[in-house]
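Asker: Numbering (my numbering), first residue to last: 65 to 460. Glycine included, C-beta positions come from ideal geometry on N, C-alpha and C.
#1: Beta-carbon separation of residue 417 and residue 458 under 7 Å?
#2: Look at the alpha carbon of residue 98 and the alpha carbon of residue 156, and state the distance between them as a whole number of angstroms.
#3: With the cut-off set at 7 Å, would you say residue 333 and residue 218 are in Cβ contact?
#4: State the DSSP-derived secondary structure class of residue 249, mapped to helix, strand or coil.
#5: Using DSSP bridges, identify the partner residues of residue 108.
#6: Cβ of residue 230 within 7 Å of Cβ of residue 214?
#7: Could you give the C-beta distance for residue 50 and residue 151, rounded to a whole number, given that I count them as a contact under 8 Å?
#8: DSSP state of residue 380, grouped into three classes?
#9: Who are the near neighbours of residue 271 in its chain, counting only those whose CB is closer than 8 Å to its CB and skipping five residues on each side?
#10: Residues in the same chain with beta-carbon distance under 7 Å from residue 101, minus the five sequence neighbours each way, listed in chain order, please.
#11: Which residue comes first and which comes last in the alpha helix (DSSP H) that contains residue 240?
#12: Identify the continuous alpha helix (DSSP H) that holds residue 298 and give its terminal residues.
#13: What ranges does the beta strand (DSSP E) occupy inside the stretch 401 to 435, keeping only unbroken runs of at least 3 residues that lie completely in it?
#14: Indicate the three-state DSSP secondary structure (helix, strand or coil) for residue 359 in the structure shown.
#15: Rounded C-beta distance between residue 243 and residue 445? I'm assuming under 8 Å.
#16: For the stretch 376 to 395 and the stretch 342 to 349, state whether three or more C-beta atom pairs, one from each stretch, are separated by less than 8 Å.
#17: Quick test of the definition: if touching needs 3 or more C-beta pairs under 8 Å, does the stretch 363 to 378 touch the stretch 300 to 309?
#18: Under 7 Å, do residue 448 and residue 189 count as touching if we go by C-beta distance?
#19: From residue 158 to residue 307, what distance separates their C-alpha atoms?
#20: For residue 88, is the classification buried or exposed, using 16 other Cβ atoms within 10 angstroms of its Cβ as the cut-off for buried?
#21: Would you mind sorting residue 460 into buried or exposed? The rule is 16 or more other CB atoms within 10 Å of its CB.
#22: Count the C-beta pairs between the stretch 248 to 255 and the stretch 403 to 410 that are closer than 8 Å, then say yes if the count reaches three, no if not.
#23: In terms of DSSP beta bridges, what is residue 189 paired with?
#24: Where does residue 440 land, buried or exposed, given buried means 16+ other C-beta within 10 angstroms?
#25: With DSSP as the reference, please indicate the residues paired to residue 270 in a beta bridge.
Okay, here's the thing in structure tokens:
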């Protein structure tokens, strides 16, 4: 409990002491979730753990939000703005190879991005802020989100009311490329917009010995793949980061048959709206040109998934002050990433900031989305302290 003299006069000390008491339990919750990973919109068991913990803490909550999401609410002691703090819950279709005692018990599924850590961290924040609530001027909305890995969970929860009434949002992500105990940030756009496209190139099948009697979609696909890279090198401004990656090519059955069609799947990552529009228009134009040049027919399905995640200084600055005060460490300014994150669905509606929390274990060089990923669990307690103090700063 935080109802002590330390809690009144020294919130930093009270947060640290409260976190130390609950940290072992949070690590156990994390390991339980890690052993039982669930993919996007399948997080029923994980959501049940979250709901049970919120019930135990006496925090009102709603389940089934956006499918398998959970929303908790903590009312402050005085009127003020509403702050949403978000954690994601889903795992990845990766077979774990860490050999840990609490490794995934489900073949082909693994928490290789640390969403198990995020979920347990936010549960710790919930416990601390529940006791600090009388000191807060405003309201906390705890967002336990499904399906971040497929970039659909945030919008699903928002469509179910998760963003109603919120004035600002705080997100966070563990970073195994940063030492545990460190924190980081990026000003402005920190993560990219993520779009995807499916392109079917329809040719005319025939014998490999008689290509003049066929229309070869494989040759057309090869031209398209090489031309797509000129969009980045020759059309997008060099100071507007952009990436086009074609991650799947499917076509043909054997050596001596020109196939009827070839299918491509690709992703486009951009930090700048101008580059985003340009890339889509160029990829569509190249497909149209391919029809004339190569005698094929092209069908493109282009989907814009999430916008760039843009950090707002109005949230970033108070959080940096809070982290420095609570953890006695200056957060490190970093570079944007071309990765994507659907927390941007919240950030596109209200001022928001995503905090980077170091999770790198000594002597290891872990990376996200890797079968051997094993972050340092001390990042859970440190994250609880940083985010709890940030909430106090934002709702002072």
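Answerer: The relevant details are as follows:
#1: no
#2: 11 Å
#3: no
#4: strand
#5: Residue 108 pairs with nothing; no bridge assigned.
#6: no
#7: Shown here, the chain extends from 65 to 460; a query on residue 50 therefore has no answer.
#8: helix
#9: 277, 278, 320, 321 and 322
#10: 155, 168, 170, 173, 174 and 175
#11: Premise fails: residue 240 lies in the beta strand (DSSP E), 232 to 243, not in any alpha helix (DSSP H).
#12: 281 to 298
#13: 416 to 424
#14: coil
#15: That pair is no contact at about 15 Å.
#16: no
#17: no
#18: yes
#19: 24 Å
#20: exposed
#21: exposed
#22: yes
#23: None, per the DSSP bridge assignment.
#24: buried
#25: 322
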